[in-house]
Every structure is written in structure tokens, then in C-alpha cells.
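Structure record follows, encoded as C-alpha cells.
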């Protein structure tokens with residue numbers, strides 16, 4: 001075995017490690033890449049994603065900022081104006097809200113308002129979602145706010161390889177990218193070769209994680225981020241009930257990959273959108289509408305949504321009742337039988 | 001020996017030594033706004049620069065009047081006038097070097113124009129044409145910021161980035177008294193001081209945030225005092241004294257360029273016009289207040305100084321007026337042309353590349369436009 005082969009050997013890695021490696025590689029390749037945020041320097045971030053970056057690249061490249069999210073993103077705008085490529089870390093989903101005005105009023109529309117003269121190549125990393133036992137304000141799924149803001153890309157990985165590839169793509173993008181990191185997958189592991197990252201499709205491409213085999217009643221689970229493993233597990237479990245499920249991992253919510261999603265739904269004729277974010281006004285409504293508009297004649301059942309309840313994120317001791325789990329997905333799958341009373345038990 | 005010591009009673013351990021991290025005294029602003037015009041110190045002010053500032057003030061006043069008139073003719077959608085504040089506008093622009101950056105708000109088109117931006121392009125936003133009419137990189141003027149104080153952290157970030165790259169670039173950010181209540185004002189000043197970024201913040205305290213007077217905006221001794229809490233110097237200046245504003249800004253810019261860090265400058269001035277042409281200022285302020293400020297007009301102040309030092313005569317006054325009139329006439333004429341916008345451009349600058357959704361929507365609009373034009377031909 002040669003040394004090169006050793007270097008590229010696939011070995012177990014966590015999503016957190018892959019994200020850190022992506023930041024490291026981007027900074028090593030491009031001196032304009034700067035990381036800034038709360039505790040990203042000496043501590044390496046509360047999730048240790050930025051561990052070692054300050055030591056390697058210095059405080060000017062990976063900077064501990066004052067505790068002020070609007071200031072972090074606002075100064076990143078100025079840095080981008082001067083030709084830098086900032087990567088900012090919002091410590092938690094719900095701590096990103098103070099930066100919302102900078103995001104909506106400047107980051108998302110600077111290219112537009114300057115007729116392309118002033119692009120904003122900023123990556124905004126946001127650890128999001130629940131399931132880690134976090135107390136209040138540490139578990140929000142805030143993607144709907146970002147989706148509703150033209151000018152932003154919104155990306156979220158579900159695998160170790162995608163975490164690396166999508167983050168590299170986000171940093172390389174000349175558009176602002178809200179990079180949502182599913183924090184309960186931070187410690188998920190996969191065999192992964194950091195020196196030869198699997199080829200990752202550009203931002204905007206969904207992937208079929210599990211293909212229908214032709215053995216059973218087909219349906220598509222459309223999902224992203226932390227709900228991808230849930231759907232994979234549900235798809236496996238549904239085989240026993242005679243279902244043959246496809247799982248589409250969107251990876252990118254904006255731009256939305258209508259092509260991959262609709263191709264799957266046209267194959268299967270049934271679809272369920274699964275996400276943690278609240279259902280009302282959530283991404284599932286938009287996705288269900290797009291699928292219905294484009295695939296109506298292929299549909300054999302209404303497009304269903306399995307989402308978080310329409311409640312503020314619950315305390316950790318009861319969060320499992322809120323989060324869409326395998327059973328709730330399987331219940332929805334059972335309702336896809338158009339012949340049965342699919343609305344049974346539904347109050348809506 | 002005291003009784004306590006004798007008895008061996010509990011004596012608390014003192015906390016680790018504490019002292020203020022910086023001396024606050026040098027950061028404190030003066031009690032009175034700094035003034036130059038009409039004082040003996042004005043004699044030391046560069047007379048050629050003073051003459052130039054005068055010409056710019058006259059031009060600026062005329063620009064404000066012309067832009068306001070254009071709203072009445074329907075040529076501008078709205079105009080937030082800086083009449084009365086021209087000294088701040090002009091001094092801010094002229095205190096900067098070419099490589100520096102200006103971060104204006106919507107009331108600061110005159111500062112952009114004084115820095116070299118084409119007036120028609122500076123007014124593009126207010127015309128209802130595209131949002132930003134000028135290339136920010138051409139004169140290093142950031143887009144006019146409508147959300148108050150949000151441009152201040154941009155100035156800090158840009159100045160910080162420039163310093164990281166080894167460029168001796170300074171950013172000057174304009175904000176009003178109302179804007180100092182915004183969270184972004186606080187965060188920007190804090191970041192600037194922590195990073196020692198080469199930034200100058202100029203607060204044009206014009207007395208009102210639309211209708212709300214300063215007393216309802218802040219309980220600070222003066223807005224310049226806010227600097228002290230961030231660990232940067234605060235300077236208070238007469239905002240209608242163009243020489244004083246220029247000198248204070250010039251010092252702050254030089255200090256920033258030399259690595260001395262940021263400065264907060266509060267210029268006391270007055271918004272002579274309503275908030276915009278759509279506002280009715282008589283609802284919240286009286287004529288006597290206006291009269292008091294008319295007596296302290298920035299143009300009159302500098303004109304008196306120049307005349308008193310035989311640096312300006314009737315001919316010079318006429319020349320400045322004629323130059324301003326010529327500018328206004330050109331502006332009027334150019335604003336008579338209806339801007340031609342291509343609706344298809346709406347999709348051009350959302351992303352570096354159009355998404356498939358935007359391509360679909362562009363096709364939809366194209367079809368609508370084609371249908372419209374066919375109908376028009378019939």
C-alpha cells in the first residue's frame with residue numbers, strides 16, 4: 001500500500017469534522033476567506049467546528065468577535081465589500097435573529113440594489129434544529145424565514161460528505177449562502193476520505209438517497225437535513241407494510257431542485273414532505289404546492305406533510321413528541337392509500 | 001491594633017486588583033461644540049480650502065432646493081432634504097482621500113455628490129429608478145442606506161478589511177440623531193473600538209427623527225458622550241460651521257489612518273426642511289426655532305468669514321451662485337428625461353446565475369410584455 005493510498009483511505013469521520021475540514025481547506029486555498037463569530041477562535045466554537053483555525057491561520061483570519069450577531073454579519077458585509085469572503089458563525093439558530101435585518105435588508109439584496117456591482121460572497125453558518133436536549137432558544141428550525149428572502153441560497157447537508165462538499169461550495173459561491181447545519185447530525189459518522197472528497201453536486205441539486213426498487217407500492221419522501229436519517233429509517237421500516245419508498249434529500253432549499261423532486265414523484269405518484277420546522281407557513285407547504293402544480297396528473301394521493309407542530313419549540317423533556325419521527329412518517333405513509341379514508345383522524 | 005485584629009475575626013480577602021482599562025478623561029467630548037468661524041483660530045484654516053468649502057456649500061444648497069423642486073414636478077418620488085446640514089455633508093466628503101470610503105444614509109445624497117457621484121445617479125433611488133444608481137466602487141461611496149444605522153457596521157467591516165490587507169483606507173459613516181438609538185449603531189461602535197478599525201462616525205444631530213425631538217431619543221449628556229462607553233473619543237462640533245466640521249473630521253480621519261482607531265463626532269445642526277417633501281413639519285415645531293437656526297446658517301457663517309478676511313467679494317459670490325445655478329439647470333434638464341427601465345432586468349441581479357425558478361418567471365414576464373406590446377400596436 002502506498003502512502004498516497006493511505007492518505008485517501010476512507011475512515012470514520014463525523015459531520016463536525018468534515019465541516020471543520022471544509023473551513024480549513026477553504027482558508028488554506030483562498031486567503032480572502034475569513035471566519036468570524038462568537039467563540040470561534042480560542043475555544044474553536046461551542047460545537048468545535050472551528051477548532052484549530054485560529055492557531056493555524058491567526059486571529060485575523062479566524063476572529064473571536066464581540067457578542068453581537070447584527071454586528072458580526074454587518075461587519076462581514078463591509079468585509080465582503082472590500083473583497084474578502086467572510087464565513088460567519090451564528091452560535092445557535094435562535095441566536096441568529098438579531099442579524100436578521102442585516103441579512104434581509106443588505107446581504108440578500110446588495111447584488112440586486114447595485115445592479116451586480118457589489119456581490120455578497122458571505123457564508124452564514126447556522127447550527128439548527130432540535131433533538132439534542134437543548135433548552136429554550138437552542139433548537140429552532142428557522143429555515144422558512146430564510147427561504148422567504150430572495151437573494152439568499154439556503155443549503156443544509158445530511159451526510160458527512162455533503163457537509164464538506166456543500167460548505168466548500170457555499171464558501172466558493174459569489175452569492176450569500178445560509179448554511180444550516182443539522183446539529184443533531186454533528187456527531188453522525190460515515191466512512192469518508194477528506195483528501196478525496198466525493199464529488200458533490202453544485203448548490204441547487206437534490207439527491208435521491210434511496211431509490212424505489214419496484215417491489216411494493218411506491219411513494220417519495222421529500223426531506224432535508226436532520227430528517228433525512230429519519231426518512232431513511234422509515235423507508236426501511238415501510239418495506240414490511242409493502243411500501244417501496246424513495247427518499248429525496250433536497251440538500252439545497254434555495255435554489256430548489258424541482259427537476260429531481262418532480263422526477264421522483266412522477267415515478268412514484270405519491271409524496272410526503274418531512275421536516276422539523278413548523279408545518280404552517282413552513283417549507284413543506286411550498287414544496288407540496290410546487291409538486292402539486294407540476295405533477296398533478298401523476299399524483300394518486302394528496303401530497304402530505306409531516307412537520308413539527310405549530311408550537312414554539314418545546315422543552316427538551318418533551319421534544320420527542322414534537323419532532324417528526326419514524327412512526328409519524330409511517331402513519332403518513334399509511335394515509336397515502338387513496339382508497340382508504342386518508343383524512344381519518346385529521347381535524348384540519 | 002484594632003479590636004477585630006486582636007480577636008482574629010474574619011477578614012474578607014480583597015478581590016483581584018481592578019482598574020479601568022482605559023483612562024476615560026481623554027475620550028470625553030467638550031461641553032461646548034467646537035467652533036472655528038468667527039473665532040481667531042479661523043485665521044489658521046487653509047483659505048483655499050475655505051473658499052472651496054464655501055463654493056460647495058452654495059452648490060449644495062442649490063442642489064437641495066432643486067431636488068425638492070423636482071419632487072413637486074413629479075420627477076422625484078421623494079426627497080429627504082439636507083438643507084441646513086450642508087456643512088456636514090460637504091465637510092464629510094472633502095475630509096476624505098480618494099481611496100477612502102463614504103457610507104451615506106438616504107439623507108446624504110449631497111455628501112455623495114460632493115464626493116464626485118453624478119447627481120442624477122445619486123438621486124436614482126429617490127427617483128424610483130433602480131435602487132442604487134451609481135457603481136459604489138467608482139467613487140467609493142456605499143449604496144444609500146435606508147434602514148437606519150445599518151450601514152455603520154458595513155463601514156467598520158470595510159475599514160477592518162482594508163487594514164487587514166495593509167491598505168491605509170479610512171471609512172466615514174454618516175448617521176442621524178435618531179439612528180443613534182438603533183442597535184446597529186451600538187454594535188458598530190463597539191466592533192470599531194474593539195478592532196481599532198479606521199472608521200469615523202459622523203452623527204448629524206439635526207434635532208429631529210422625523211417628528212421626534214432629541215429629548216425623546218436619548219438621555220445622554222450629548223450624543224458625543226456615547227463614544228466614551230465604547231472606549232473611543234467623542235467630539236462635539238458646531239455642524240453649521242463648515243471649517244470646524246472639516247477640521248474635526250480631518251483630525252479624526254488622520255488619527256484613524258495612523259492606526260489610532262475610531263472616533264465618534266457629533267455635529268449639532270438643524271434640518272431646515274421637513275423630513276421629506278411628504279412630511280409636514282409644522283405639526284411638531286415652530287417658526288421661532290427655525291428663525292434661530294436661520295440666523296446661524298452655514299453659508300452665511302462662512303461667507304462672513306471669507307468677506308471679513310477679504311477672501312470673497314461680490315464677484316466671488318456671484319461666481320459661486322452662477323456655478324450652482326448651472327449645476328441646477330443641468331440637473332433639471334437631465335431629470336426631464338424619463339428613465340428607461342427594462343423590466344426584464346428585474347431577474348438579472350438576484351443571484352450570480354438565475355435559478356430555474358427565476359428563468360421560468362422571466363419567461364412569464366417576457367410573454368406578458370410581448371402581449372402588452374402587441375396590444376399597443378393594435
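Chains as they are written, first to last, in the UniProt record's numbering: chain A, 1 to 348; chain B, 1 to 378.
The beta-carbon is built from N, C-alpha and C at its ideal position, and this holds for glycine as well.
For a Cβ distance threshold of 9 Å, nothing in chain A lies close to residue 342(B): the least Cβ distance comes to about 11 Å. At least one CB atom of chain A sits nearer than 8 Å to the CB of residue 135(B).
Burial is judged here by how many other beta carbons sit within 10 angstroms of a residue's own beta carbon; residue 11(A) has fewer than 16 and is exposed.
Listed in chain order, the positions of the segment 189–205 of chain B with a beta carbon within less than 7 Å of a beta carbon of chain A are 190, 191 and 194. For residue 217(A), the CB contacts under 7 Å within the same chain, skipping 5 residues up- and downstream, are 242, 243 and 244 in chain order. The beta carbon of residue 52(A) sits closer than 8 Å to the beta carbons of 20, 24 and 44 from its chain, once the five residues preceding and following it are set aside; these are given in chain order. Look at the segment 246–264 of chain A: the residues with a C-beta under 9 Å from a C-beta of chain B are 254, 255, 256, 257, 258 and 259.
Note on residue 296(A): under 16 other CB atoms within 10 angstroms of its CB, so exposed under the neighbour-count rule. The criterion of a C-beta distance shorter than 8 Å is not satisfied by residue 166(A) and residue 124(A). For residue 156(A), the closest Cβ of chain B is not nearer than 8 Å. Judged by DSSP in its simplified three-state form, residue 243(A) adopts strand. Contiguous beta strand (DSSP E) elements confined to the segment 149–179 of chain B occur at 171–176, taking only those with 3 or more residues. Of all residues in the segment 350–374 of chain B, only 350, 351, 352, 355, 356 and 357 come within less than 7 Å of chain A when Cβ atoms are compared, listed by chain position. With distances taken between CA atoms, residue 128(A) lies nearest to 277(A) out of 277(A), 287(A) and 222(A).
Approximately 6 Å separates the beta-carbon atoms of residue 61(A) and residue 27(A); this is inside 8 Å, confirming the contact. Cβ proximity to chain B below 8 Å picks out nothing from the segment 276–295 of chain A. When 7 Å is used as the limit between beta carbons, residue 114(A) is near these residues of chain B: 132, 136 and 143, in chain order. When DSSP states are grouped into helix, strand and coil, residue 75(B) belongs to the coil group. Residue 217(A): member of the beta strand (DSSP E) spanning 217–223, first to last residue. Per the coordinates, the alpha-carbon of residue 34(A) lies some 15 Å from the alpha-carbon of residue 156(B). Distance from residue 264(B) to residue 144(B) at the Cβ level is roughly 21 Å; contact not present, criterion being Cβ atoms closer than 8 Å.
For the C-beta of residue 77(A), the chain B residues within less than 8 Å are, from N- to C-terminus, 153, 154 and 157.
Counting along the chain, no alpha helix (DSSP H) covers residue 124(A); the unbroken beta strand (DSSP E) around it starts and ends at 123–128. The beta carbons of residue 268(A) and residue 220(A) sit about 5 Å from each other, so the pair counts as a contact at 8 Å.
The Cβ of residue 150(B) sits closer than 8 Å to at least one Cβ of chain A.
With 16 or more neighbouring CB atoms inside 10 Å of its own CB, residue 36(B) falls in the buried class. The residues 102, in chain order, have a CB closer than 7 Å to that of residue 74(A) in the same chain once the five nearest residues on each side in sequence are set aside. In this structure the segment 92–100 of chain B does not touch the segment 358–376 of chain B; the number of beta carbon pairs closer than 8 Å is below three. Where residue 226(B) is concerned, there is no enclosing beta strand (DSSP E), although the alpha helix (DSSP H) around it starts and stops at 226–230. Against chain A, the CB of residue 320(B) has no partner CB under 8 Å away; the residue lies outside that interface. The beta-carbon separation of residue 206(A) and residue 161(A), rounded to 15 Å, does not stay under the 8 Å limit for a contact.
The beta carbon of residue 175(A) sits closer than 8 Å to some beta carbon of chain B. Rounded to the nearest whole angstrom, the C-alpha separation of residue 47(B) and residue 219(B) is 39 Å.
Annotation: Cβ neighbours of residue 102(A) in chain B (cutoff 8 Å, chain order): 150, 153 and 184. Against chain B, a Cβ distance below 9 Å from residue 82(A) picks out 101, 157, 158, 159, 160, 161, 162, 164, 165, 167 and 169. Against chain B, the beta carbon of residue 60(A) has neighbours under 7 Å at 164, listed in chain order.
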